[in-house]
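Asker: What follows is a single structure, and I will ask about it in a moment.
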Amino acid sequence: MIYTNSDGGARGNPGPGAIGALVRKDDSILEMHSEKLGNVTNNVAEYMALIKALGLALKHTKDEVVCFLDSELVVKQLMGEYKVNNPKLLELFLEVQKIQDKFKKIKYVHVSRWDNYQQIVDNLLNMEMG
Numbered sequence: 001m002i003y004t005n006s007d008g009g010a011r012g013n014p015g016p017g018a019i020g021a022l023v024r025k026d027d028s029i030l031e032m033h034s035e036k037l038g039n040v041t042n043n044v045a046e047y048m049a050l051i052k053a054l055g056l057a058l059k060h061t062k063d064e065v066v067c068f069l070d071s072e073l074v075v076k077q078l079m080g081e082y083k084v085n086n087p088k089l090l091e092l093f094l095e096v097q098k099i100q101d102k103f104k105k106i107k108y109v110h111v112s113r114w115d116n117y118q119q120i121v122d123n124l125l126n127m128e129m130g
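According to our numbering, the residues represented by the sequence shown are 1 to 130, in order.
Below you can see the structure in the form of structure tokens.
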């Protein structure tokens, strides 16, 4: 089973943003990624981080993936509990839908920002933002 952790943030909301993502198998980190995004909102950054994490996960499996995020909004939108009203978020939401169809099974899990792996991706994005 492959797991992802992703996090996105923006200073100012909107403001300069960055993402952090990692892919792991059990407790072994297979890949990590971080990058600056430019001027975005926190929610846009969260979606962009998930999209990057899913892209990385595809390199390792097409079977089952569990995605851990600390954004309750994104998780609830992907699970159909919340509507996606913002046009930019809808665009990113639909991009996630396209990518998730490439996996046999996908699960989204909301975790605390204090989760050990979530701390790693948070640190990655904060290093990008300086």
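Every residue gets a Cβ at the ideal spot worked out from N, C-alpha and C, and that includes glycine.
Give the DSSP-derived three-state secondary structure of Gly-130 in the structure shown.
Answerer: Of the three classes helix, strand and coil, the one that applies to Gly-130 here is coil, per DSSP.
Asker: Nearest by alpha-carbon distance to Tyr-47: which of Asp-115, Asp-101, Asn-123, Gly-9 is it?
Answerer: Of Asp-115, Asp-101, Asn-123, Gly-9, the residue nearest in Cα terms is Gly-9.
Asker: Determine the burial state of Lys-59: buried for a count of at least 16 other Cβ atoms within 10 Å of its Cβ, exposed for fewer.
Answerer: So Lys-59 counts as exposed.
Asker: Please state the DSSP three-state secondary structure of Glu-81.
Answerer: DSSP places Glu-81 in coil when its eight states are reduced to three.
Asker: Is the CB-CB distance between Asn-39 and Gly-15 below 8 Å?
Answerer: It is a contact, given that the beta carbons lie within the stated cut-off.
Asker: Any contact between the region 99–116 and the region 68–83? By contact I mean 3 or more CB pairs, one from each, below 8 Å.
Answerer: Touching, yes, given that three or more Cβ pairs across the two stretches are closer than 8 Å.
Asker: Quick one: grab the DSSP three-state call for Met-1.
Answerer: Residue state, collapsed to three classes: coil.
Asker: What residues match up with Ile-120 in a beta bridge as DSSP calls it?
Answerer: In the DSSP output, where bridge partners are listed per residue, Ile-120 has none listed.
Asker: In three-state terms, what does DSSP make of Pro-87?
Answerer: The answer is helix: DSSP assigns Pro-87 an H, G or I state.
Asker: Give the DSSP-derived three-state secondary structure of Asn-13 in the structure shown.
Answerer: Coil at Asn-13, not helix or strand.
Asker: For Asn-5, count neighbouring Cβ atoms within 10 angstroms of its own Cβ and tell me buried if that reaches 16, exposed if not.
Answerer: Asn-5 should be labelled buried.
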